[in-house]
Amino acid sequence: MLNGCKSQLRNLILLCLTFIGVVFLWADVAYADKPPSKIVFDSTTTPINVVSFYKSTPETQKDVVSSTLKASKSFYKSNPGFGSYLVLQSEDGTRVLTLTQWKDQASYEAFAAQATASESESYKSESYQADSYKSSSKSYGKKSDYEKEAVAPDRTIVYQIDKTQAPEGVIPGIYGLQTLIQFSDVVANDSETAPTVIASIEESFENVVKTVPAPHAAVLLKGLEHSELAMLANWGYSKDELSDPEKLPDIDLTSEAVDELTTSDENLYEVVKVVTPKLPKEKYGS
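This is the structure:
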């Protein structure tokens with residue numbers, strides 16, 4: 001009788017250990033299947049980069065970021081031509097940026113049209129839920145999640161990759177969250193001087209990697225429908241690695257000759273979110 005109990009106990013322990021091993025193995029496989037938190041700037045695969053600019057204050061930036069993160073859920077679905085989705089928040093609290101990469105402009109326009117239709121239906125649904133909440137809730141002093149409206153961007157610009165800069169052997173991109181990024185947006189004040197401005201900025205961009213210290217990589221984006229250029233420089237550090245992030249050098253692409261011909265805005269940002277397409281599932285036996 002005692003030997004039988006010992007045998008059952010031993011079998012139970014072995015079963016538990018086997019179950020734990022399977023759980024950990026499954027977790028490792030699931031983690032390995034997750035796309036890495038990185039985006040690559042490659043003009044041959046995702047030349048179209050769409051940037052949405054959001055204004056905020058240090059007090060409202062968190063809410064603006066939350067709104068963009070909610071919008072990011074749509075990118076977890078299958079979207080033809082989608083490359084990646086990036087959310088950046090400025091260190092001074094006054095800006096939030098989102099950047100999406102696409103195979104071509106048609107892919108982005110198809111997604112935008114679909115998103116507009118979905119937002120319309122979502123708005124009707126959430127308005128109904130908000131009305132229901134107000135009529136049934138007794139805590140009128142507390143603002144519900146349903147009452148928080150989605151934040152609209154101040155403007156959205158469709159860019160294409162113009163040039164990239166990186167040390168030899170380095171693939172231009174952003175690798176990991178909390179990375180510090182300088183984003184500079186430069187607009188020519190009028191169409192007549194735009195060619196001069198663009199040529200000057202493209203020439204200045206060639207010297208970005210000669211900055212001391214130099215960014216890990218940089219990309220120059222050119223607006224498709226605007227006389228506008230943008231530079232994204234990846235410093236490769238998180239703010240926790242630096243005693244004072246403000247000591248990073250400002251990369252100024254506008255020379256004195258064209259400074260008065262442009263309007264520019266630049267900020268230091270932190271990477272908050274990266275969404276990349278799901279990896280295709282491998283079929284067993286293939």
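The letter at position 65 of the sequence shown is residue 65 when you use the UniProt record's numbering, and the numbering goes up by one with no holes. We put the CB at the ideal spot given by N, CA and C, even for glycine.
Rounded separation between S90 and Y108 - CA only: One-based indexing of the sequence shown puts residue 90 at position 90. One-based indexing of the sequence shown puts residue 108 at position 108. Spanning the two alpha carbons is a distance of roughly 25 Å.
For S238, list the residues DSSP reports as bridge partners. Translated into positions along the sequence shown, residue 238 becomes position 238. Beta-bridge pairing links S238 to T179.
Hey, T94 and S52 are a contact pair by Cβ (cut 8 Å); roughly how many whole angstroms apart? By one-based count along the sequence shown, residue 94 stands at place 94. By one-based count along the sequence shown, residue 52 stands at place 52. Wrong, their Cβ atoms sit about 15 Å apart, outside the cutoff.
Starting from E266, trace the beta strand (DSSP E) both ways and give me its first and last residue. Here residue 266 refers to the residue found at position 266 when the sequence shown is read from its first residue. First-last of the beta strand (DSSP E) with E266: T262 to V275.
Any idea what DSSP makes of K278, helix, strand or coil? By one-based count along the sequence shown, residue 278 stands at place 278. Reduced to three states, the DSSP call for K278 is coil.
Closest by CA to K38, which one among E225, G83, V197 and T193? Position 38 of the sequence shown, counting from 1, holds the residue named residue 38. If we check each option's Cα against that of K38, G83 comes out closest.
Check whether the Cβ of T94 sits closer than 6 Å to any heavy atom of the ligand GDP, and report yes or no. As far as ligands go, the structure on display features none, and thus does not contain the ligand GDP.
Using only CA atoms, which one of K103, E266 and W102 lies nearest to P249? Locating residue 249 in the sequence shown gives position 249, counting from the first residue. Of the candidates K103, E266 and W102, the one whose C-alpha sits nearest the C-alpha of P249 is E266.
Can you tell me which of L177, K163, K55 and S67 puts its alpha carbon nearest to the alpha carbon of E270? As a first step, residue 270 must be located in the sequence shown, where it is residue number 270. Considering only alpha carbons, the answer is L177.
DSSP beta-bridge partners for G173? Residue numbering aside, residue 173 sits at position 173 when the sequence shown is read from its first letter. Partner(s): V40.
Have a look at A199 and H216 and give me their C-alpha separation to the nearest angstrom. Position 199 of the sequence shown, counted from the start, is the residue given in the question as residue 199. Position 216 of the sequence shown, counted from the start, is the residue given in the question as residue 216. Cα to Cα, A199 sits roughly 24 Å from H216.
Under the three-state reduction of DSSP, which class applies to I198: helix, strand or coil? Position 198 of the sequence shown holds residue 198. Helix at I198.
Let's see if you can read the secondary structure: which residues bound the alpha helix (DSSP H) around K70? Along the sequence shown, read from residue 1 onward, the residue named residue 70 stands at position 70. Its alpha helix (DSSP H) spans residues Q61 to A71.
In the DSSP assignment, find the alpha helix (DSSP H) that holds A257 and state where it starts and stops. Taking the sequence shown and counting its residues from 1, the one referred to as residue 257 is at position 257. Start and end: E256 to D259.
Given that a residue counts as buried once 16 or more other Cβ atoms are within 10 Å of its Cβ, and exposed if not, what is F111? Here residue 111 corresponds to residue number 111 of the sequence shown, with the count starting at 1. By the neighbour-count rule (16 or more Cβ atoms within 10 Å), F111 is buried.
According to DSSP, T45 sits in a beta bridge with which residue or residues? What you label residue 45 is simply residue 45 of the sequence shown in a count that begins at 1. Answer is none; T45 lacks a bridge partner.
Distance, Cα to Cα, I171 vs V40? One-based indexing of the sequence shown puts residue 171 at position 171. One-based indexing of the sequence shown puts residue 40 at position 40. The straight-line gap from Cα to Cα measures roughly 7 Å.
Beta-carbon within less than 6 Å of V275's beta-carbon, same chain only, minus the 5 sequence neighbours each way: which residues are those? Taking the first residue of the sequence shown as position 1, residue 275 is located at position 275. The answer, listed in chain order, is S72, F75 and Y85.
Alpha carbon of K273 to alpha carbon of K70, nearest angstrom: Taking the first residue of the sequence shown as position 1, residue 273 is located at position 273. Taking the first residue of the sequence shown as position 1, residue 70 is located at position 70. So the two alpha carbons sit approximately 11 Å from each other.
In or out: T254 buried (at least 16 other Cβ within 10 Å) or exposed? As a position in the sequence shown, residue 254 is number 254, starting the count at 1. When all chains shown are included, T254 counts as buried.
Quick one: Cα of residue 289 to Cα of E241, how far? Absent from the model: residue 289. The displayed extent of the chain is 1 to 286, so no value can be given.
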